[in-house]
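Everything on this sheet refers to the single structure shown next.
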Amino acid sequence: QVHLVESGGGLVQPGGSLRLSCTAFGSHLNIKVMGWYRQAPGNQRELVAQINWSGSTNYADSVKGRFTISRDNAKNTVTLQMNSLKPGDTAVYYCNAEFFAGANYWGQGTQVTVSS
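The opening position of the sequence shown corresponds to residue 5 in this note's numbering, with each subsequent residue numbered one higher.
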């Protein structure tokens, strides 16, 4: 059984910053890719950023230059530093972990609201 526990969401003004963290708990945590997705009301869930086991990253065009994803393989933790936040970044953010064996897990989601 694997659990992904997220933290760090909240309310921030436009131009502000937030830091999201996600830690995977369980046994045999051989994770290939960890990432963050988001879903705004009425929209489909979309990829924000992901990082593989070797540190290679991939970002949505809308967040390039503003968001930074990082990973600590020893702690099974992925972090998303979000700077220069815009109202359009408002969404529920979900952590995702894809295992080498093929399994895929999601966190429960954390709300990020960017508003003045």
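Idealized CB from N, CA, C, for every residue including glycine.
Pairwise C-beta distances place the region 95-106 out of contact with the region 58-73, as fewer than three of them are shorter than 8 Å.
For the pair THR61 and LEU24, the CB atoms are not nearer than the 8 Å cut-off.
A distance below 8 Å separates the beta carbons of PRO18 and VAL118. In the structure shown, the three-state DSSP call for GLY92 is helix.
Counting along the chain, the unbroken beta strand (DSSP E) around GLY39 starts and ends at 35-43.
Nearest to GLY20 by C-alpha distance, out of GLY111, TYR109, THR94, is THR94.
For GLN112 and SER120, the gap between their C-alpha atoms comes out near 26 Å.
For VAL6, the three-state secondary structure derived from DSSP is coil. Straight-line spacing of the CA atoms in GLU50 and GLY39 works out to 11 Å. Proximity to GLN54 across ALA78, GLN5, GLN85 peaks at GLN85, based on C-alpha coordinates. Annotation for ASN108: GLU102 place their beta carbon closer than 6 Å to its own, counting only its chain and skipping 5 residues before and after.
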